[in-house]
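Enquirer: Numbering (UniProt numbering), first residue to last: 1 to 197.
Positions of the beta carbon are idealized from the N, C-alpha and C atoms, including for glycine.
Sharing a structure, written as structure tokens. Questions coming.
Pasting the structure below:
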């Protein structure tokens, strides 16, 4: 009788552990499923945005340059995340030649009942002047404008555009301003709260 009780207790403990393991696996699979659905929704949104951009490019083939993220490159991989954070919603903004093109695109999106987009006219965009003192802060501090550059392929894709490289630089300056990026949080805190500029 005692041996049976022990055997039953061991079996119950074994089944309890097995149940916990299965519950843990089930939770993990549910989380992966939720993540996959979220990725699918994001992919659908990206696909809709790409279709809308393609539609707009057919209307204005020479005056729509593309998304900021496609027109600007980051010089080093380590700066990709900080640039993305600073640019924020401007990363997906569409760079266009002028305000007339932007207005036409907005009208087209409304008429087609497509999702709204942000348009930045590169000829009239007002970007802050770079504070040259920020380039001499020392350490690993760098002006964010110095770690982004116009994408050569995007510039080459529009050979008829005049001074496109300078226009892309102005758009990037508009998006990042006088932001400074550092390699470490401690250095950033020292610059921010301990002076240095």
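For the segment 85 to 95 against the segment 117 to 124, do three or more pairs of beta-carbon atoms, one drawn from each stretch, fall closer than 8 Å, so that the two count as touching?
Expert: Yes, the segment 85 to 95 is in contact with the segment 117 to 124.
Enquirer: The alpha helix (DSSP H) that contains residue 95, what's its start and end?
Expert: What you label residue 95 is simply residue 95 of the chain shown in a count that begins at 1. Counting along the chain, residue 95 falls outside any alpha helix (DSSP H), though it belongs to the beta strand (DSSP E) covering 94 to 96.
Enquirer: Going by C-alpha to C-alpha distance, which of 127, 172, 164, 178 sits closest to residue 134?
Expert: Counting from one through the chain shown, the residue named residue 134 turns up at place 134. Nearest C-alpha to residue 134: 178.
Enquirer: Going by CA-CA distance only, name the one from 176, 15, 182 that's closest to residue 69.
Expert: Your numbering for residue 69 matches position 69 in the chain shown. It is 176 whose Cα lies nearest to the Cα of residue 69.
Enquirer: Fully enclosed by the UniProt domain "SMC hinge" (62 to 192), which alpha helix (DSSP H) runs are 4 residues long or longer?
Expert: 68 to 71, 80 to 87, 99 to 111, 152 to 156, 164 to 176, all fully within the UniProt domain "SMC hinge" (62 to 192).
Enquirer: According to the neighbour-count rule (16 or more other Cβ atoms, all chains shown, within 10 Å of its Cβ), is residue 197 buried or exposed?
Expert: Sequence index remark: in the chain shown, residue 197 carries index 197 (1-based). Interpretation of residue 197 is limited by its pLDDT of 46, a score under 50 that renders its predicted location unreliable; the figure taken from the coordinates is listed afterwards. With fewer than 16 other Cβ atoms within 10 Å, it is exposed.
Enquirer: When you compare only the Cα positions, how much space is there between residue 188 and residue 137?
Expert: Stepping through the chain shown from its first residue, residue 188 is reached at position 188. Stepping through the chain shown from its first residue, residue 137 is reached at position 137. The alpha-carbon atoms of residue 188 and residue 137 are separated by roughly 11 Å.
Enquirer: For residue 167, does the count of other Cβ atoms within 10 angstroms reach 16, so buried, or fall short, so exposed?
Expert: Against the chain shown, residue 167 aligns to sequence position 167. With 16 or more Cβ atoms within 10 Å of its Cβ, residue 167 is classed as buried.
Enquirer: Can you tell me the Cβ-Cβ gap for residue 130 and residue 173, rounded? I've got them flagged as a contact below 8 Å.
Expert: As a first step, residue 130 must be located in the chain shown, where it is residue number 130. As a first step, residue 173 must be located in the chain shown, where it is residue number 173. Sure, about 7 Å apart at Cβ, within 8 Å.
Enquirer: Does the distance from the CB of residue 144 to the CB of residue 181 come in under 7 Å?
Expert: As a working mapping, residue 144 is identified with position 144 in the chain shown. As a working mapping, residue 181 is identified with position 181 in the chain shown. Result yes, Cβ atoms of residue 144 and residue 181 sit closer than 7 Å.
Enquirer: Write down every uninterrupted run of the alpha helix (DSSP H) in the segment 1 to 55 whose length is 4 residues or greater and which is fully enclosed by it, in chain order.
Expert: Fully enclosed alpha helix (DSSP H) runs of 4 or longer: not present.
Enquirer: Does the distance from the CB of residue 206 to the CB of residue 73 come in under 7 Å?
Expert: In the structure as shown, the chain begins at 1 and stops at 197. Residue 206 is therefore absent and cannot be evaluated.
Enquirer: Would you identify the three-state DSSP class for residue 197, choosing helix, strand or coil?
Expert: Here residue 197 corresponds to residue number 197 of the chain shown, with the count starting at 1. Low local confidence applies: a pLDDT of 46 at residue 197 is under 50, so the model's placement there is unreliable, and no value is given.
Enquirer: Take residue 214 and list the residues in its own chain whose beta-carbon comes closer than 7 Å to its own, dropping the five residues that flank it on each side.
Expert: No statement about residue 214 is possible, as the shown extent of the chain runs from 1 to 197 and does not include it.
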